[in-house]
Amino acid sequence: VHCQQTVREEPRLPADEHCSFATMVTNFERELILKALAQSSGVKNKAAKLLNMNRTTLVEKMKKLRIPTKG
């Protein structure tokens, strides 16, 4: 997960024109967290560092987004 990479990509708008901005932000946040977890082999400390946030914040966001927090 790199800032420069994200900025260069074309924004992907949902096919559903009724999708709210809040839903798009939530989906983007989920995607970023899942990518960071994949890159860190599921190690939350490493994923949090990739996302430049505290591990506690990451775990809270994972709970909110219903991303499994095993371990």
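Numbered continuously in our numbering, the sequence shown closes out at residue 1221.
No residue lacks a Cβ here, since even glycine has one placed at the ideal position from N, Cα and C.
- For the pair N1202 and L1184, the Cα-to-Cα distance works out to about 14 Å.
- If you look at T1219, you'll find it isn't in any alpha helix (DSSP H); DSSP assigns it neither H nor E.
- Between the alpha carbons of S1170 and E1179 lies a distance of about 14 Å.
- In the same chain as K1213, and ignoring 5 residues on each side of it, the C-beta atoms closer than 8 Å to its own belong to T1219, in chain order.
- For the pair A1197 and L1208, the CB atoms are nearer than the 9 Å cut-off.
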